[in-house]
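Chemist:
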Amino acid sequence: MERFSERLEYVLRTYRDHPMQISDLSKALNYSKSQASKLYQYISGHSEPKLENLTELRKVFPRLSLTWLATGDGEMVEVDVKAILEENERLRKENENLRSRENIFINTLGALGASPKSLGDSISQSVMLNFPEIDMAMNTPKSLMGNA
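Numbered according to the working numbering, the sequence shown terminates at residue 148, and the numbering increases by one at each position without gaps.
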């Protein structure tokens, strides 16, 4: 996309879960009618915004790369490395917690004289007795398998 208007139109179509219209953007930015008319000029390609007008768009599109929007260089969305690292750490801790709980469960089963496999077998038998419509070998309802 070589022109600013093409990039702005692309942002409006793809940045959010649903496409935005210029009127929606104008409302989100609390623009007056004259300011809104500038947005229409930008999207039509009749003019390009000044830097301070571009920064206003960050209110609606917080991770939008203004460099990309202005020049087309780089990626449309800025990567927040800090947020990614924080999420990675949160998931690592959650994984450790789940593994710890799994070990406690397995040790408890062992203390009760059961193994995860024998417990799994007894659950499978119970499912087969109480829900005959499920094929345990394929984990598929028999009604979906046809006349097999």
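Note that CB positions come from ideal geometry on N, CA and C, so glycine has one too.
Which residues bound the alpha helix (DSSP H) around Leu64?
Modeler: The count along the sequence shown starts at 1 and reaches residue 64 at position 64. Neither: Leu64 is in no alpha helix (DSSP H) and is coded neither H nor E.
Chemist: Work out the CA separation of Asn97 and Ser37 for me, nearest whole Å.
Modeler: One-based indexing of the sequence shown puts residue 37 at position 37. One-based indexing of the sequence shown puts residue 97 at position 97. Taking the straight line from one Cα to the other gives about 54 angstroms.
Chemist: In chain order, what residues of the same chain have a beta carbon less than 6 angstroms from the beta carbon of Lys82, not counting five sequence neighbours either side?
Modeler: What you label residue 82 is simply residue 82 of the sequence shown in a count that begins at 1. Here the set comprises nothing.
Chemist: Around the Cβ of Val79, are there at least 16 other Cβ atoms within 10 angstroms (buried) or fewer (exposed)?
Modeler: On the sequence shown, position 79 is the one that residue 79 refers to. The residue in question, Val79, is exposed, as its Cβ has fewer than 16 Cβ neighbours within 10 Å.
Chemist: Use the C-beta contact count for Ser26: other C-beta atoms within 10 angstroms, 16 or more gives buried, fewer gives exposed.
Modeler: Reading the sequence shown from its first residue, position 26 is the one you call residue 26. Buried: at least 16 other Cβ atoms inside 10 Å.
Chemist: Going straight from the alpha carbon of Tyr40 to that of Ile22, what length do you get?
Modeler: Taking the sequence shown and counting its residues from 1, one reaches residue 40 at position 40. Taking the sequence shown and counting its residues from 1, one reaches residue 22 at position 22. Each residue's alpha carbon lies about 7 angstroms from the other.
Chemist: In terms of residue numbering, what span does the alpha helix (DSSP H) encompassing Gly110 cover?
Modeler: Numbered from its first residue, the sequence shown carries residue 110 at position 110. Segment Val81 to Ala111, the alpha helix (DSSP H) holding Gly110.
Chemist: Please identify the residue among Leu112, Leu54 and Asp17 whose C-alpha is closest to the C-alpha of Leu29.
Modeler: On the sequence shown, position 29 is the one that residue 29 refers to. When each option's Cα is compared against that of Leu29, the closest is Leu54.
Chemist: Under DSSP, the alpha helix (DSSP H) around Leu54 begins and ends at which residues?
Modeler: Sequence index remark: in the sequence shown, residue 54 carries index 54 (1-based). Leu51 to Glu56 is the extent of the alpha helix (DSSP H) around Leu54.
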